[in-house]
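To start, the structure itself, in structure tokens.
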Amino acid sequence: MRIGQLGLILGLGAVLGFSTVAHAEDGHGTNPHREPWSFAGVFGKFDEAQLQRGFQVYKEVCANCHSMKLVHFRNLAEEGGPGFSAAQVKALAETYQVKELNDSGESVDRPARPADAFPPPFPNDKAAAAANGGKAPPDFSVLAKARTYSRGFPWFLTDALPFVGYTEHGVDYIHALLNGYEDPPQGKEVPDGVHYNTYYPGNLIAMPKPISDGQVTYAKGENGEPVVPETVEQYSRDVAAFMAWAAEPHLMARKALGLRVILFLILLSALLYYVKKQVWKPVGGEVHGLQPELHKTG
Amino acid sequence: MSAHATSTYIPKSRLAKWFESRLPLVGLVHSSFVAFPVPRNLNYFWTFGAILIAFLGIQIVTGVWLAMHYDPNASNAFESVEHIMRDVNYGWLLRYAHANGASMFFVAVYMHMFRALYYGSYKAPREVLYLLGVIIYLLMMATAFLGYTLPWGQMSFWGATVITNILAAIPIVGDTIQSLLWGGYSVGNPTINRFFSLHFLLPWMIAGVVVLHVWALHVTGQNNPAGIPIKSSKDAVPFTPYATIKDVFATVVFMILFAWLIFYQPNYLNHADNYVAANPAVTPAHIVPEWYFLPFYAILRAVPDKLGGVVLMFGAVLILAFAPWLDTSRVRSANYRPIYRQFFWVFVLTCIGLGYLGAMPPEGGYVLASRLLTAYYFAHFIIVMPLVGLFETPNRLPASILETVTGPGKQVSAGGSGLPSGAAAEPAKRA
Numbered sequence: 535m536r537i538g539q540l541g542l543i544l545g546l547g548a549v550l551g552f553s554t555v556a557h558a559e560d561g562h563g564t565n566p567h568r569e570p571w572s573f574a575g576v577f578g579k580f581d582e583a584q585l586q587r588g589f590q591v592y593k594e595v596c597a598n599c600h601s602m603k604l605v606h607f608r609n610l611a612e613e614g615g616p617g618f619s620a621a622q623v624k625a626l627a628e629t630y631q632v633k634e635l636n637d638s639g640e641s642v643d644r645p646a647r648p649a650d651a652f653p654p655p656f657p658n659d660k661a662a663a664a665a666n667g668g669k670a671p672p673d674f675s676v677l678a679k680a681r682t683y684s685r686g687f688p689w690f691l692t693d694a695l696p697f698v699g700y701t702e703h704g705v706d707y708i709h710a711l712l713n714g715y716e717d718p719p720q721g722k723e724v725p726d727g728v729h730y731n732t733y734y735p736g737n738l739i740a741m742p743k744p745i746s747d748g749q750v751t752y753a754k755g756e757n758g759e760p761v762v763p764e765t766v767e768q769y770s771r772d773v774a775a776f777m778a779w780a781a782e783p784h785l786m787a788r789k790a791l792g793l794r795v796i797l798f799l800i801l802l803s804a805l806l807y808y809v810k811k812q813v814w815k816p817v818g819g820e821v822h823g824l825q826p827e828l829h830k831t832g
Numbered sequence: 336m337s338a339h340a341t342s343t344y345i346p347k348s349r350l351a352k353w354f355e356s357r358l359p360l361v362g363l364v365h366s367s368f369v370a371f372p373v374p375r376n377l378n379y380f381w382t383f384g385a386i387l388i389a390f391l392g393i394q395i396v397t398g399v400w401l402a403m404h405y406d407p408n409a410s411n412a413f414e415s416v417e418h419i420m421r422d423v424n425y426g427w428l429l430r431y432a433h434a435n436g437a438s439m440f441f442v443a444v445y446m447h448m449f450r451a452l453y454y455g456s457y458k459a460p461r462e463v464l465y466l467l468g469v470i471i472y473l474l475m476m477a478t479a480f481l482g483y484t485l486p487w488g489q490m491s492f493w494g495a496t497v498i499t500n501i502l503a504a505i506p507i508v509g510d511t512i513q514s515l516l517w518g519g520y521s522v523g524n525p526t527i528n529r530f531f532s533l534h535f536l537l538p539w540m541i542a543g544v545v546v547l548h549v550w551a552l553h554v555t556g557q558n559n560p561a562g563i564p565i566k567s568s569k570d571a572v573p574f575t576p577y578a579t580i581k582d583v584f585a586t587v588v589f590m591i592l593f594a595w596l597i598f599y600q601p602n603y604l605n606h607a608d609n610y611v612a613a614n615p616a617v618t619p620a621h622i623v624p625e626w627y628f629l630p631f632y633a634i635l636r637a638v639p640d641k642l643g644g645v646v647l648m649f650g651a652v653l654i655l656a657f658a659p660w661l662d663t664s665r666v667r668s669a670n671y672r673p674i675y676r677q678f679f680w681v682f683v684l685t686c687i688g689l690g691y692l693g694a695m696p697p698e699g700g701y702v703l704a705s706r707l708l709t710a711y712y713f714a715h716f717i718i719v720m721p722l723v724g725l726f727e728t729p730n731r732l733p734a735s736i737l738e739t740v741t742g743p744g745k746q747v748s749a750g751g752s753g754l755p756s757g758a759a760a761e762p763a764k765r766a
């Protein structure tokens, strides 16, 4: 590397470095903790029991305010999901009422069927907003993909790599948010109608602390003891995993197919490489690299 | 089409002879993709043309399939995309392939463009070939922007709003252009209808210009890392099998990266906000375009004046078209240009730096850095290219392409080019 080139690069680096420092001083609160999810990574799979518990938390707690309009009862029995049986889903759906028009054009209630979407808790967004301090609670269907946080340079680059890669920012954010209700620090004004949360951008969130220890009773194990603790930490973990599935119901199929596709492409490219070498052999090979002329000795 | 006049294709069967004497299509393909003389010293940066054609095909096939399930309607577009993701068989694969395919398309086109800039592929006699490339790039940018608006998430909606608003800054015709794009008085249902229509149209225009691009390429012949023309049959090899197998190999390697994105990082290059349905009442905290537009977005925001920003942003793309006449050097390849080569890498870093700044909020040190790098971006074309060409002493050029492969004064021991003698003389000289 020539000195002039080095100087220019250093100058460029200094400009960018300066701007990064200038920004870091703003301070943007705490990043969520990165949790070990069963569905992370190349071989990631959803934990059926966890998704079932997460659905239970959603159904008993979150669903009172948050809709999940894009998820259908039938999805709960589909492959790569919580693994409910078709009969369980049918029975579950029948406990809900949905509106439909009868033959006289009147709006009537009927029991839901597996083909129906989860009925929303409010008839429309305005009703939802009116019942929740002026802002409708967000729909949960793709929320795990619609939330994220910035890990900054250089982590956003390593997040894309195999083995150290990271795609669960939104899931970690949801898990952290549910555990982020704390007393505000000294001097922090918290107006009426909002609540302090460590992980919410700006720290003031309209949603009150939604769940407490022991609020949801999980099915007991064979010895009569709970299989997992009935704590906010566990509830939030389970419901975040359930939301990750709801946002990406074909995640397991995607990862399984991806492994096969990539292994096939690696094998194919290796074979093609040797074919190419054979083809080029009679004409004396070829040049590789960007500047072959610079490396010539002769 | 002088390059095609020398086709060595000889139809064998009676049917082939009958057809060839009525439409010499097979001969055209044969002369373009089989017998076409390729400089033997091409490196892997020359495989991105083939990769780009592959991606144009992938985008068109996945796009046509997605269009069968997508609903370009402001109240249903977001849900129809989710319907594709959830209920259409392998819909998630189609959509993730299409969305990440656009990104890979731009990765490939940027490699292709930087290769052209490094090796002086824009210089005579390839100016028209190069200008057609700039037109393809412009069409790609328009297509990608239109496509990104279609999921009708928050970033789609607000990206469409920002871009159509900056077009309104154009004097006299700006308002008309904006109303035509909107189909009303703001971004809304008519907008998504026409954006979908245009998004379907533009790729076919790209395909048409690609045909011209390949045609122009086959008139002038390919540039090469030495930047010197083919002088004898020993400098070249026939396109098939040599370039074909190399292009196929490189394309498959590139597909590994593509597959990694689709299957394991499908939303890495997306924005989380685009999974929130479009809401005209709520502006996202940071409106950021797709990564491949970030350098131009940084340039737009570096200028405090709206019209000035728009002029510089479009200028940053259009200035590429003047490169053939701004560069005063007689030597094509930067391999033989010791000074320009360093400026080239600084220019690459400037583009990457602008990309980073385009993703950052426009405040404090970021604005200053954006301004400095914007100034350098234009200086590269307006000052560096003309002046370095005048004052630089280039290194000695090799006597022939063959010499760059074997070293000076050496001969290939066996084989030779495999081309029929005379067929590899520089095509342009035969015109």
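Keeping their order, the protein sequence lines are chains H and W.
Quick note: the first sequence, position 219, residue 753 per the working numbering, numbers continuous.
Quick note: the second sequence, position 230, residue 565 per the working numbering, numbers continuous.
Ideal placement from N, C-alpha and C gives every residue a C-beta, glycine not left out.
Note that the coordinates shown come from a computational prediction; the quantities given were computed from them, not determined experimentally.
- For H:Glu634, the enclosing beta strand (DSSP E) covers residues Gln631 to Leu635.
- In the displayed model, W:Val740 falls within a helix according to three-state DSSP.
- Sequence-distant partners of W:Gly426 (beyond 5 residues in either direction) whose C-beta falls short of 7 Å from its own C-beta, in its chain, are His404, Ile419 and Met420.
- A Cβ of chain W is located within less than 9 Å of the beta carbon of H:Thr701.
- Two segments are said to touch when three or more pairs of C-beta atoms, one from each, lie closer than 8 Å; by this definition the segment 596-614 of chain H touches the segment 664-682 of chain H.
- The segment 473-484 of chain W and the segment 706-717 of chain W do not touch, with fewer than three beta-carbon pairs separated by less than 8 Å.
- With a threshold of 9 Å between beta carbons, H:Lys660 makes no contact with chain W.
- Taking a C-beta cut-off of 9 Å against chain H, the contacting residues of the segment 602-627 of chain W are Asn602, Tyr603, Leu604, Asn605, His606, Ala607, Asp608, Asn609, Tyr610, Val611, Ala612 and Ala620, listed in chain order.
- Less than 9 Å separates the beta-carbon of H:Val595 from that of H:Pro744.
- Between H:Arg681 and H:Gly704, the C-beta gap is smaller than 9 Å, which places the two residues in contact.
- Between W:Gly436 and W:Ala451, the CB-CB gap reaches or exceeds 9 Å.
- Each residue's CA atom was taken as its position, placing W:Thr728 and W:Val611 some 57 Å apart.
- For H:Ser641, the enclosing beta strand (DSSP E) begins and ends at Ser641 to Pro645.
- Annotation for W:Val373: the continuous beta strand (DSSP E) segment containing it runs Pro372 to Pro374.
- Exposure of H:Arg794 is indicated by the presence of fewer than 16 other C-beta atoms within 10 angstroms of its C-beta.
- With the criterion set as a beta carbon lying under 7 Å from some beta carbon of chain W, the members of the segment 774-795 of chain H are Pro783, His784, Arg788, Lys789, Leu791, Gly792 and Val795, in sequence order.
- Against chain H, the CB of W:Arg421 has a partner CB under 9 Å away; the residue lies at that interface.
- For W:Gln557, the nearest beta carbon of chain H is not closer than 9 Å to its own beta carbon.
- A residue is called buried once 16 or more other Cβ atoms fall within 10 Å of its Cβ, and W:Ser456 is buried on that count.
- At a beta-carbon threshold of 7 Å, the residues of chain W lying near H:Thr682 are Ala607, ordered along the chain.
- With a beta-carbon spacing of about 5 Å, W:Phe574 and W:Val373 fall inside the 8 Å limit used to define contacts.
- In this structure the segment 535-545 of chain W does not lie against the segment 678-690 of chain W, because fewer than three pairs of beta carbons, one per stretch, are closer than 8 Å.
- Counting along the chain, W:Ala571 sits inside the beta strand (DSSP E) bounded by residues Ala571 to Pro573.
- Under the Cβ distance rule, H:Lys810 counts among the residues neighbouring chain W, one pair being separated by less than 9 Å.
- Of the candidates W:Arg461, W:Val702 and W:Ser521, the residue whose Cα lies closest to the Cα of W:Pro564 is W:Arg461.
- Put simply, the backbone Cα of W:Pro697 is about 28 Å away from that of H:Glu723.
- Beta-bridge partners assigned by DSSP to H:Tyr683: none are found.
- The closest CA to that of W:Leu533, considering only W:Met648, W:Pro733, W:Leu515 and W:Ser356, is found on W:Leu515.
- Chain order gives the chain W residues near H:Ile800 as Ile591, where near means a beta carbon separation below 7 Å.
- Of the candidates W:Pro601, W:Leu401 and W:Ile717, W:Ile717 places its Cα closest to the Cα of W:Ala651.
- Proximity of H:Trp689 to chain W, defined by a Cβ-Cβ separation below 9 Å, is not satisfied.
- Excluding the 5 residues flanking it on each side, W:Leu635 has same chain C-beta neighbours closer than 6 Å at Gly644 and Met648, in chain order.
- Collapsing the DSSP output to three states places W:His433 in a helix.
- Taken through DSSP and simplified to helix, strand or coil, W:His418 comes out as helix.
- At least one C-beta of chain H is nearer than 9 Å to the C-beta of W:Trp595.
- Put simply, the backbone Cα of W:Ala656 is about 37 Å away from that of W:Leu428.
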